[in-house]
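Visitor:
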Amino acid sequence: MHMLAASGSSVPAEFWTYVRIFVLVMLGWAGIPGIGATVLGAATVAASQGKLNIAAVLIAAIIAVEVGGLVGYSIGIRWGRELLSHPGPLLARRRGILTAGEAMYVKWGRLAVFFTPCMVSGIAKMKYSQFVVWNFLAGAAYVISVGLSVYGAGKVATGHHDAVSVGSLVTGIAVGVAVFLLGRRYYRRRKARRAGAPGGRGAAMPAAAAADEEN
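Structural data, given as structure tokens:
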């Protein structure tokens, strides 16, 4: 955690702390497993202890997930399938990720951006313009939900909570619930539309076509 903590009241030191948060969250969203969630959690805990500014943490993380998502998408659309199917260590696991990811796009369409690595969006050949929007929605919802929840919980746990921190906790949870409910509604509408298509074509739709299917 010392990597993320601000040093005294030095403005330059604090600035570079937020740069580190941006870089690490970006790398996580681009495809390095675990690092993004770990850094976001650590940064929001530090903010709840007064060591960082929660607004700056959230802004840095939201920008990072958008940039990182675009990097992951670019890798996926150019080299993703070759990277995941290339012979070598963890080949079975990598093929499993590829198969599961494409199945998610067939089943969920654009909503799969919320559940799959950004590389898979590129592999599924989701339209770039659509991915930019949906990746931002997924990333912002994740950062706000997790960030505010952890920040508020940290304040409450240490006994330093106030109306703002309690509101942050409630807002973070509410955003997560709202995303779940809206996602379920989108899926049900999509399922009904596919069921009503001639011959039930949606069931066998390729991942690329499913990703581009219009609302």
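Residues 42 to 256, numbered by the numbering used here, are exactly what the sequence shown covers, in order. We put the beta carbon where it would ideally sit given N, CA and C, even for glycine. Computed from a predicted structure; not experimentally measured.
Return yes when at least one heavy atom of the ligand FMN lies under 7 angstroms from the C-beta of A194, else no.
Guide: For the structure depicted, the ligand FMN is absent and the ligand set is empty, with no information on it obtainable.
Visitor: Nearest to G72 by alpha carbon, out of L111, W57, A102?
Guide: Of the listed residues, the one whose Cα sits closest to G72 is L111.
Visitor: If you check the beta carbons only, do Y282 and A165 fall under 8 angstroms apart?
Guide: Residue 282 lies beyond the residue range present for the chain, which begins at 42 and ends at 256; the question has no answer from this structure.
Visitor: State yes or no: is the C-beta of G195 within less than 8 angstroms of the C-beta of G213?
Guide: Their beta carbons are not under 8 angstroms apart, which means G195 does not touch G213 by this criterion.
Visitor: Determine whether the beta carbon atoms of S126 and R134 lie at a separation below 8 angstroms.
Guide: It is not a contact, given that the beta carbons lie outside the stated cut-off.
Visitor: Quick check on A165: does DSSP put it in helix, strand or coil?
Guide: It is coil, neither helix nor strand.
Visitor: Quick one: what's got a C-beta closer than 8 angstroms to S50's C-beta in the same chain, skipping five residues either side?
Guide: Note that S50 has pLDDT 47, beneath the 50 cutoff, so the model's placement of it is unreliable and no number is given.
Visitor: Below 8 angstroms between beta carbons: does that hold for G163 and Y228?
Guide: Cβ distance not < 8 angstroms, so G163 and Y228 don't count as in contact.
Visitor: I need the DSSP call for L10, collapsed to helix, strand or coil.
Guide: It is not possible to answer for residue 10, since the shown part of the chain is limited to 42 through 256.
Visitor: Would DSSP call K148 helix, strand or coil?
Guide: If DSSP states are grouped into helix, strand and coil, K148 belongs with the helices.
Visitor: Determine the extent of the alpha helix (DSSP H) in which L93 is found, giving its start and end residues.
Guide: Looking at the DSSP string, L93 is not in any alpha helix (DSSP H), and its letter there is neither H nor E.
Visitor: Please list the terminal residues of the continuous alpha helix (DSSP H) segment that includes A204.
Guide: From DSSP, the alpha helix (DSSP H) with A204 extends over 204 to 236.
Visitor: Exposed or buried, Y169, counting other C-beta atoms within 10 Å across all chains shown (16 or more means buried)?
Guide: Looking at its Cβ environment, which holds fewer than 16 other Cβ atoms inside 10 Å, Y169 is exposed.
Visitor: L122 lies in the alpha helix (DSSP H); which residues open and close that run?
Guide: Leu is not the amino acid found at residue 122; the sequence shown has Arg there. Here the alpha helix (DSSP H) through R122 covers 122 to 126.
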